[in-house]
Each structure stands twice: as C-alpha cells, then as structure tokens.
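Q: The structure follows.
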Ligand code: EPZ
C-alpha cells in the first residue's frame, strides 16, 4: 500500500503531456475481441484499469505484446470460451464491456456483476435491454451475468436515459449482428466516437456516433488495423484545474480542444485564463477566483468526472457556489475528506453548497474513488502545509504517472510506502 505526501502552496509551472483516454481505452481494448485479425493500439494509457483489461484477455487465451510502453499488439483469435475470470471482472465497471464484445462474437458471455468506483447504485439494466432488443436472453448465475443468443438480429434500441456504457455495449453487440440496428437516445461522449472510429477502421459500418442516433449495419468480418486512442479529456481537465488552484501557469499538451469545451468555459467563468492552441491549452490565473453554479450533464455538458476536481477549486473562490451532480446517486463522498482540510461544504442529496474560504490546510485524507482522489491531490497542491493521501490505488486506475507528471510541474509530491504493519496500526 502506498500514499502520496504533498507539501502544498507551490504554483505549478511548465508543460505536461496528456495520456490516452481511460474511458476510451477500456472500451477499445475489450473491442479487440471482435477483430478477426491481430490489431495494434497506440497511446494506450499505463493505468491499472487497462492492466486488468489486458489480464482478462490474456487469461482467456489472447496474445498480447507490449511493442512499447503505450503501444500494444492484440491477437484475440485464441479466445474460445466466452467467460471472464470472476475476480478480475468484479474489480471494475469496465468489465461490463466484455458482455458486449463476447456476445457480439460468440453469441454468449459470462461476466461477473461489475465493480468499480462506489458512486452509488450502478445497475446495468439498460445494457441488458439493448442485448434483449438484439435477440439475447440473460440470467444471473452465481454472481455472473450470463447472456446468450441463437443469433443477433439488428433492431431498434431506445435508451431510457443517457448511458455511456449502455451505448458502448449496444454498439459492440450489434457490430456483427444481422441487419441494421438503430440506437436512439445514445450517449455522445468522445470515447463513443473513438470506439466507432476504431471499429469502422476495421471495416464496421457505424454512423452517427457523437449524436443521439447511432446506426450500426452488421458486417461479417473485421480486419486488423493500427489505431491511436484519443487523449484523455478528464486527465487534461484535472491538470487545468490544478494549474488554476495553485495559481500557476501550465501548458497542457496532446489534447483535443473541442473535447474540453465545457471545462474551458467553466474555468473562464470563474476567472481563469485558458488559451487554446491546436493541440494544447495554456492555463493560468491573474485575478481573483470567482464563485459559480455548476450542474453536471451528459456530453457535451460539464462532465461528472470533473465535478470533484472543480468543486475543490470552488472552495478556494470568493463567495458561495452551488454544485449539482445527479448523474450518479452519490458523487460527493470526497466532501467529508475536504472538510478535514478546512473546506466549508454542505451536501443535500445531489447538491453541494460551497462557501469559498479562499484557502485549504494540509491534513491526512483518503481517496474515496478515482476522481475524488484527483480532487484530494488538487486540494493538497493548493493547501498550506502537508497533505497525506491514502488509497492512492483508486487514483492509479485512471491517471498515468500522476506523481511524476506533477513533479515535472514543480509540485512537492512523494510516493511513500505504508508497510502492512503500520497500515494495520493506522486502521487501529
Ligand atoms: C462511464 O460510466 C464512465 N466509466 C464513468 O467514468 C463516467 O462517470 C460515466 O460513464 C458518465 O460519463 C467508464 O467509461 C468505464 P453511465 P457508466 O452508464 O457507463 C445509471 C471515471 O471516473 N445507469 O453513463 O457506468 C448509472 O448508475 C468513471 O472515469 C443505470 O441506471 O455511466 C448512472 O447513475 C466513473 N442503468 C447513470 O445511469 C444502466 O444500465 C449514468 O451511467 C446504466 C447506467
């Protein structure tokens, strides 16, 4: 077990390069199961969720080779049994994507009910609805979701609400189905467009990704290709907020400005300067940080995955801010940890009222999930004094080399090993 120790109050300066997008990579790695030839993914982030996805593929019989740290060769033709190892599947939410790909290729799938960040109840009813529309049936057997279909027939799928995972699974299950599938009320996140581009490069026929109606015409064969994953807009947004929170001046490279539009707009609204270039943004602040109201929305709205980070920034602003995040049941678990650092936040259901205090004080805190962990890092970087963050394994699920990248920006952050003994003493 490790923790981060941060001595805060140092403005971040310099350049940081953004890695491949976690939420695109987990979908594309799973989608290699659909490919009838070997394929290569570039810009694969070196994060633990991807490590688990590759472990799952290898354990099922795929051949995976690291060409370099972020370029990976996949040959999934050796997979014969459509079952994901139980313990690996239950460790993350993205394991649901193996339902869609295994069903799409084998017309059968066994995947444990998913785990992942505890953001409240995270059912998969819409995923199963999509599979049933295509002709599949499903059951829960010993904690595993078992989906099966004689054959998959193109159909109309209408989602009750925006679901990123549901949309991704509907695309992957229908890409080799017989005939036309129309997915309505589809999610529009950049990683859905990236998945469609990846599959279309192999020979799939997917149109409308990025809009709320996606049409998938089934094909029989998907050829091997080399494909580069899009940069991570949430990682980029996290560094943009960190630059503002520490009153620094940072150039964030390898980004797609359009994917950052809602984050850029909100930062400008609270007084942060964001200068957009073709593939980078420069972020700095030379005036007071101002309060705002924020409501998370499906893309292209402000992303829920940036809410903990932005709310932390608002604790440093002047005045009272209101943050509403009803995408998940409970995405404010980190607030109790921010209060240890002097934040004045009250939460009622999916609404947080933040009284900006202008400063935070270092304290021992824990990461309660991936993005909450990123928020704790931002708080520690901005706070006066020392902050120790435990449970950093959550953070490493989605941020490649975050401590090294921050050190390059001048942060005083160290990774410290907690021996099992002292950890048990810590837990009392
Ligand atoms: C994906 O989760 C991301 N995870 C999440 O990122 C992200 O917060 C979320 O999309 C929204 O953008 C991955 O891509 C691996 P949803 P997902 O289906 O697919 C409910 C991060 O920090 N719902 O859009 O689970 C669900 O409970 C992670 O990178 C159902 O009720 O999100 C939630 O309240 C956290 N039934 C809402 O819909 C379903 O069948 C949105 O979920 C599916 C979802």
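Residue numbers (this note's numbering): 648 to 1075. By construction, the Cβ of each residue, glycine as well, lies at the ideal position given by its N, Cα and C atoms. The model shown is predicted, which means the values in this text are computed figures rather than measured ones.
In the DSSP output, which residue or residues are listed as bridge partners for residue 711?
A: In the DSSP assignment, residue 711 is bridged to 721.
Q: Considering only residues of the same chain and omitting the five flanking positions on each side of residue 752, which have a CB-CB separation below 6 Å?
A: 680 and 681
Q: Would you call the CB atoms of residue 828 and residue 898 closer than 8 Å?
A: no
Q: Have a look at the DSSP bridge pairing and note the partners of residue 688.
A: 719 and 874
Q: Let me make sure I understand the geometry here. Which of 920, 908 and 878 has the alpha-carbon closest to that of residue 902?
A: 878
Q: Apply the 10 Å Cβ neighbour rule to residue 650 and answer buried if 16 or more other Cβ atoms are within range, or exposed otherwise.
A: buried
Q: Considering only heavy atoms of the ligand EPZ, does any lie closer than 7 Å to the CB of residue 673?
A: yes
Q: Since residue 900 contacts residue 663 with CB under 8 Å, what's their CB separation in whole angstroms?
A: 7 Å
Q: For the structure I just gave you, are there three or more beta carbon pairs, one from the stretch 654–670 and one from the stretch 1045–1054, closer than 8 Å?
A: yes
Q: Using only alpha-carbon positions, find the residue among 1059, 1009, 935 and 1063 that is nearest to residue 657.
A: 1059
Q: Which residues mark the beginning and the end of the alpha helix (DSSP H) in which residue 734 is found?
A: 733–736
Q: Report yes or no: do three or more beta-carbon pairs, one from the stretch 726–737 and one from the stretch 687–707, lie closer than 8 Å?
A: yes
Q: Can you tell me which of the three DSSP states residue 682 falls into?
A: coil
Q: Would you say the beta carbon of residue 951 is closer than 7 Å to some non-hydrogen atom of the ligand EPZ?
A: Yes; taking the cut-off as 7 Å, the Cβ of residue 951 has a heavy atom of the ligand EPZ nearer than that.
Q: Taking just the CA atoms, how far does residue 872 sit from residue 687?
A: 6 Å
Q: Less than 7 Å between the CB of residue 768 and some heavy atom of the ligand MN, yes or no?
A: As presented, the structure is devoid of the ligand MN, carrying the ligand EPZ as its sole ligands.
Q: Looking at the secondary structure, which residues open and close the beta strand (DSSP E) in which residue 1034 lies?
A: If you look at residue 1034, you'll find it in the beta strand (DSSP E) that goes 1033–1037.
Q: If we count the other Cβ atoms within 10 Å of its Cβ and call it buried at 16 or more, is residue 727 buried or exposed?
A: exposed
Q: Please confirm whether any heavy atom of the ligand EPZ lies closer than 7 Å to the CB of residue 774.
A: yes
Q: Helix, strand or coil: which one does DSSP assign to residue 784?
A: Correct three-state label for residue 784: strand.
Q: Would DSSP call residue 1011 helix, strand or coil?
A: strand
Q: Helix or strand or just coil, what does DSSP make of residue 886?
A: Note: residue 886 maps to helix in three-state DSSP.
Q: Answer yes or no: the CB of residue 809 versus the heavy atoms of the ligand EPZ, is any distance below 7 Å?
A: yes
Q: Please confirm whether residue 1036 and residue 1027 have their CB atoms less than 8 Å apart.
A: A contact, by the Cβ cut-off of 8 Å.
Q: Taking only the alpha-carbon atoms, compute the straight-line gap between residue 1075 and residue 757 and give it to the nearest angstrom.
A: Model confidence at residue 1075 stands at a pLDDT of 47, short of 50, so the residue's coordinates are unreliable; what they give is reported in the following sentence. Cα-Cα distance, rounded: 39 Å.
Q: Closer than 7 Å to a non-hydrogen atom of the ligand EPZ - does that hold for the CB of residue 670?
A: yes
Q: Indicate, with yes or no, if the ligand EPZ has a heavy atom lying under 7 Å from the CB of residue 764.
A: Checking the 7 Å criterion, the Cβ of residue 764 is within range of a heavy atom belonging to the ligand EPZ.
Q: Using a 10 Å radius around the Cβ and a threshold of 16 neighbouring Cβ atoms, would you call residue 946 buried or exposed?
A: Counting the other CB atoms within 10 Å of its CB gives residue 946 a total of 16 or more, which places it among the buried residues.
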